[in-house]
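For the sequence shown, counting from 1, position 6 maps to 183 in the numbering used here; every step adds exactly one. We put the beta carbon where it would ideally sit given N, CA and C, even for glycine. As the structure is a computational prediction, the values presented were derived from the model and not from experiment. These notes are about the structure you will find just below.
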Amino acid sequence: MALGRDYEGQNCSLARALEVVGERWTILVLRDLFFGVRRFTDLQAHLDIPRAVLTDRLTRLVDAGVVTRT
Numbered sequence: 178m179a180l181g182r183d184y185e186g187q188n189c190s191l192a193r194a195l196e197v198v199g200e201r202w203t204i205l206v207l208r209d210l211f212f213g214v215r216r217f218t219d220l221q222a223h224l225d226i227p228r229a230v231l232t233d234r235l236t237r238l239v240d241a242g243v244v245t246r247t
């Protein structure tokens, strides 16, 4: 049986973490933040990520409490 990609509501900490960081680009955004990239334009240029996608990923990370906006 194949596993689905929807981890929401599962009683597993790893599954819940994947719900937050499992989308494409999210891990790369977190990596750059970890290594000190702080400005939106710097993230966008370094990752070569579309502006709308970066906005969405950052919003989701802030909403999940993974990062804070400064």
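Backbone CA spacing between residue i and residue j [nearest angstrom]
i    : j    : result
D209 : W202 : 11 Å
L195 : I204 : 10 Å
I226 : L235 : 12 Å
A192 : L231 : 23 Å
R216 : R237 : 17 Å
Range of the contiguous alpha helix (DSSP H) that encloses residue i
i    : result
T247 : No alpha helix (DSSP H) holds T247; DSSP gives it neither H nor E.
F217 : 217-224
V230 : 228-240
E196 : 190-198
F251 : Residue 251 cannot be examined here, being either before or after the span of the chain that is shown, 178 to 247.
8 Å Cβ cutoff met for residue i and residue j
i    : j    : result
V197 : A241 : yes
L224 : V206 : yes
Residues near residue i in its chain [Cβ-Cβ closer than 8 Å; skip 5 each side]
i    : result
V214 : L220, H223
Short CB-CB distance (under 8 Å) between residue i and chain D
i    : result
E196 : This model lacks chain D altogether; it includes just one protein chain.
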